[in-house]
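Residue numbers (our numbering), protein chains in the order written: chain F, 23 to 521; chain C, 70 to 169.
Note that beta-carbon positions come from the ideal geometry of N, C-alpha and C, so glycine has one too.
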Amino acid sequence: MNSALPTSAQWAALMPILFPALAAAVIPLALLDRDAGVQKWIRAGVYAVALFALGASFMFLAELGKQSSQPSYQQLRLDYLAQFTGIFIVVAAALAVLQSWDHFHQEGWVKGETISLLLFSVSGMMVFASTTNLLVLFLGLELFSIPLYALTATLRSRSSSSEGGLKYFITGAVAAACFLMGIVILYGLTGTLDISVMRLQAGTPLADPLFIVGIGLLLVGFLFKVSAVPFHQWTPDVYVASPHPIAGFMSVATKGVAIVALIRAFPGLTAWGPVLGPKVQGVFMLVAVLTLVVANLTALVQTSAKRMLAYSSISHAGYLVLGLVAGTPGALTGMLFYLAIYLAMNMGAFGLFTAFGLVGEKDTYEDLRGLGWKHPLMGLCAALILFSLAGVPPLGGFYGKYMIFKELVATGHVNLAILGVLASLVSMGYYLRFIVALFLQAPTQAQEREATEAPVIQASLARGTVLVGAILVVAGGFMQTVLVDGFAHRAIQGLLGLR
Amino acid sequence: MPSPNAVLIISFLLFSTGVAGILIRRNALVILMCAELMLNAANLNFIAFARHSGSVGGQAFALMVMGFAAAEVAVGLAIVVALYRRKATVQVDDINLLKG
Numbered sequence: 023m024n025s026a027l028p029t030s031a032q033w034a035a036l037m038p039i040l041f042p043a044l045a046a047a048v049i050p051l052a053l054l055d056r057d058a059g060v061q062k063w064i065r066a067g068v069y070a071v072a073l074f075a076l077g078a079s080f081m082f083l084a085e086l087g088k089q090s091s092q093p094s095y096q097q098l099r100l101d102y103l104a105q106f107t108g109i110f111i112v113v114a115a116a117l118a119v120l121q122s123w124d125h126f127h128q129e130g131w132v133k134g135e136t137i138s139l140l141l142f143s144v145s146g147m148m149v150f151a152s153t154t155n156l157l158v159l160f161l162g163l164e165l166f167s168i169p170l171y172a173l174t175a176t177l178r179s180r181s182s183s184s185e186g187g188l189k190y191f192i193t194g195a196v197a198a199a200c201f202l203m204g205i206v207i208l209y210g211l212t213g214t215l216d217i218s219v220m221r222l223q224a225g226t227p228l229a230d231p232l233f234i235v236g237i238g239l240l241l242v243g244f245l246f247k248v249s250a251v252p253f254h255q256w257t258p259d260v261y262v263a264s265p266h267p268i269a270g271f272m273s274v275a276t277k278g279v280a281i282v283a284l285i286r287a288f289p290g291l292t293a294w295g296p297v298l299g300p301k302v303q304g305v306f307m308l309v310a311v312l313t314l315v316v317a318n319l320t321a322l323v324q325t326s327a328k329r330m331l332a333y334s335s336i337s338h339a340g341y342l343v344l345g346l347v348a349g350t351p352g353a354l355t356g357m358l359f360y361l362a363i364y365l366a367m368n369m370g371a372f373g374l375f376t377a378f379g380l381v382g383e384k385d386t387y388e389d390l391r392g393l394g395w396k397h398p399l400m401g402l403c404a405a406l407i408l409f410s411l412a413g414v415p416p417l418g419g420f421y422g423k424y425m426i427f428k429e430l431v432a433t434g435h436v437n438l439a440i441l442g443v444l445a446s447l448v449s450m451g452y453y454l455r456f457i458v459a460l461f462l463q464a465p466t467q468a469q470e471r472e473a474t475e476a477p478v479i480q481a482s483l484a485r486g487t488v489l490v491g492a493i494l495v496v497a498g499g500f501m502q503t504v505l506v507d508g509f510a511h512r513a514i515q516g517l518l519g520l521r
Numbered sequence: 070m071p072s073p074n075a076v077l078i079i080s081f082l083l084f085s086t087g088v089a090g091i092l093i094r095r096n097a098l099v100i101l102m103c104a105e106l107m108l109n110a111a112n113l114n115f116i117a118f119a120r121h122s123g124s125v126g127g128q129a130f131a132l133m134v135m136g137f138a139a140a141e142v143a144v145g146l147a148i149v150v151a152l153y154r155r156k157a158t159v160q161v162d163d164i165n166l167l168k169g
C-alpha cells in the first residue's frame, strides 16, 4: 500500500514528535557505562540531550505556528490545536526536566532512564493530541501512560513509591481497557475508526443503546486521565508517591492532553447531534459538579501539602470540564488559556517542594513552616502562584476561570457559574493554609536544628522554574490578550472550521 | 463463523470476568492477568467486527493491542517485582502505606 517515505511536508508533521522520541531512544544506550567517574558526566549529558530535544521540538512547533502551516501525515494532523498542545507539553516537560535535576540529586537517585521515560511520554502525548483516529489515539494513550506508570515507581528505594506505581498501573490499565472497549463498540456500530466521521453518523445508530454505552466507556477513559470525580481516587496517592517534578508533570501534561482530546472529540454540543449532544452535556455537568464539590471539600482537610495540591489539581479539572458544559468557542478558548496558566501554576507549585529542598515524605504543612522567610524570593513566588490557583483577580488563574464562567452565564448555566465561584472561595481556604505555613508559622526547634545541620540545598534550577512559573502567572493576568488572540483563539477556530 | 452477537456476548462475559477479578482478587499478579483479560475481550470484538464488516482496520487494531498489552504487562510486572523486593508480598491488602 503506502510504503513510500514521507515527503518533506509530511516530515514536518512528524518532526516535533520524533525529536523527543529519538532522544529517549538514545539516552539508555549512553547509560551502559558503569564507571562512576564517567557516569557523572554522562548524566549531565543526558539532561543536556533531553533539553536539546525538547528545545528543538519547541522551535519547530513555533516555526510552524509562525508560517501558519498545518502539516499532516496519514492520521497525524498537526493543526493549530495540536501545535498549541505540543508547545504546552514541551514547556511542561522542560520545566520537569530542570526540576528533576535538582530533585533527584537531593534524593541521591539520579538515573538517566527517568529522563528517557519522560521523553517517551512527551512524544506519546503529542500523538494523543494530534489525531482523531481512535487507533492512533489509543496508541498515543498507551505510549504516554506506560512510561508514567514506571516514572511513578521510579524511586525504587522507597516502598511507597512502588506502591503508588502499582496503584496507578492497575487503575490505568482498567481505564485503558474500558477506553478500548468503547472504541470497539463504536467501531462495530459505525464501521469506522475516525471519531470525526463517527460524529457525522451519530444521527443514525442512535436508536442503539450500545452506541451510548460505547460513548460512555470512551468518556471513562478520558475522564480518568483528566482525573475528574468519580475517576479520581488514584490521583492523590500517585502524586504523593511520585517524585515532585514527575507529579507536577503528570498533573499538568496528562490533564492537559486529555482535555484537548476531549475538546477534539466533543467540540461543542451540536457536534454529536440533537439527541446525543444533550446527554453528553448532562454527563459533563454531573462530573463537573461532583468534581468541584468533592475535590474542594477533601482538599480542605488534608495535612500533607502535596496531597492538597493533588486534590487542587482534581478541582481544576472540574473548572475545565465546566468549559465543556458551556461548549461555545469562547469557552473552549478559555479552557486553552486556563490550561496554559495552569501549566505555570502547577509546575511552579510542585516545583516549590524541590526549591525548598523537601525530599522524601517531607511534604506536610509542618515541613513548610517559616520557609517563606528563609527564601524570600521563593516565598513571594509561592504566594503569587497560590493566589493565582485560588483565582485572585489580577493574576492569570482568575482570567482563566473568568472566561469559562462568563460563557457559562451566557449559555444559561448561571447555577453552575455560581457553584464555580463558591468552589473558588472554598479553595482559598486551603491555599491560604499553605501561605500561612510559609510565612506566619515559625519553624519548630527541631526543624531549626535540622536546618543548621543539613547541607546547603542545591536547587537553583528548580528555583528558576518556580520563578518562571510565577512570572507567567503574573503575565497571564496582565497580557492575556497575547496568548488568547495569538494561540488559543486560532486553535479553536481552526478546529471548529470557523475560519 | 459465529454471529457477531454471539461474539459480543462472549466478549462481555470475558470483560466482566476481568472487572470482577480486579475488584475481588487480592493478588497483584492475578489482578494483572484480569487486566489482560479485559484487553483481550475487546480484541475478540475487534476481530469479529472486522470479519463481519469486511474491513481490515479492526484486525490491525487487534494486532496492535496485543503489542500494547505486552508493553503494559512488562512495566506492570517490573513494578510488582520492585514491590516484592521491598515488602516480600504481592497481596495488595498488605500494601497500604498510602491512604486512598
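With a 10 Å radius around its C-beta and 16 neighbouring C-beta atoms as the bar for buried, classify residue i as buried or exposed.
i               : result
M135 of chain C : exposed
F74 of chain F  : exposed
M23 of chain F  : Residue placement at M23 of chain F is flagged as unreliable, the pLDDT there being 43, under the threshold of 50; the coordinate-derived value follows with that caveat. Its Cβ having fewer than 16 others within 10 Å, M23 of chain F is exposed.
W63 of chain F  : exposed
S91 of chain F  : exposed
N74 of chain C  : exposed
G356 of chain F : buried
S30 of chain F  : exposed
R521 of chain F : At R521 of chain F the pLDDT is 45, less than 50, meaning the model places this residue with poor confidence and gives no usable figure here.
N112 of chain C : buried
I93 of chain C  : exposed
S482 of chain F : exposed
V144 of chain C : buried
N437 of chain F : exposed
Give the residues of chain F in contact with residue i, contact being defined as C-beta atoms less than 7 Å apart.
i               : result
A97 of chain C  : L188
R155 of chain C : S181 and S184
A75 of chain C  : The premise fails here: A75 of chain C is roughly 13 Å from chain F at the closest Cβ pair, so nothing lies under 7 Å.
S124 of chain C : G213
Do residue i and residue j have their CB atoms nearer than 7 Å?
i               : j               : result
Q105 of chain F : L140 of chain F : no
L344 of chain F : A310 of chain F : yes
L106 of chain C : G123 of chain C : no
I281 of chain F : L354 of chain F : no
A404 of chain F : L374 of chain F : yes
T376 of chain F : H266 of chain F : yes
G516 of chain F : Y95 of chain F  : no
Y452 of chain F : M369 of chain F : no
L215 of chain F : G126 of chain C : yes
V347 of chain F : F409 of chain F : no
M450 of chain F : A412 of chain F : yes
Just the chain A side, please: which residues come within less than 7 Å of residue i by C-beta, in chain order?
i               : result
I168 of chain F : No chain A appears in this structure, whose protein chains are F and C.
Using a Cβ-Cβ cut-off of 8 Å (strictly less than) and excluding sequence neighbours within five positions of residue i, which residues of its own chain qualify?
i               : result
L77 of chain C  : N114 and A117
G169 of chain C : Caution applies to G169 of chain C, whose pLDDT of 48 falls short of 50 and renders its modelled position unreliable; the model cannot decide the point.
V149 of chain C : A97, L98, L101 and V159
Of all Cβ atoms in chain F, is any one closer than 7 Å to the Cβ of residue i?
i               : result
A104 of chain C : yes
S85 of chain C  : no
N114 of chain C : yes
A234 of chain C : It is not possible to answer for residue 234 of chain C, since the shown part of chain C is limited to 70 through 169.
G169 of chain C : Its pLDDT being 48, under 50, G169 of chain C is placed unreliably by the model, and nothing is read from it.
L108 of chain C : yes
D162 of chain C : no
A131 of chain C : no
Less than 6 Å between C-beta atoms, sequence neighbours within five positions excluded: which residues of the same chain meet that for residue i?
i               : result
G394 of chain F : G401, L460 and F461
F378 of chain F : L393
V206 of chain F : none
Taking only beta-carbon atoms, is residue i less than 7 Å away from chain C?
i               : result
E164 of chain F : yes
A195 of chain F : yes
V206 of chain F : yes
M23 of chain F  : For M23 of chain F, the pLDDT reaches just 43, beneath the cut-off of 50, and the residue's location in the model is therefore unreliable, leaving the point undetermined.
R521 of chain F : Annotation note: pLDDT 45 at R521 of chain F (below 50); position unreliable, coordinate value reported separately. No, its Cβ sits nowhere closer than 7 Å to a Cβ of chain C.
M203 of chain F : yes
I192 of chain F : yes
A321 of chain F : no
R221 of chain F : no
G210 of chain F : yes
R99 of chain F  : no
Y452 of chain F : no
What does a CB cutoff of less than 7 Å around residue i pick up in its chain, not counting 5 residues either side in sequence?
i               : result
F509 of chain F : F106
T154 of chain F : D216, I217, S218 and R286
Given that residue i touches chain C, what residues does it touch there, using C-beta distances under 9 Å?
i              : result
Y95 of chain F : Simply none; closest approach about 17 Å.
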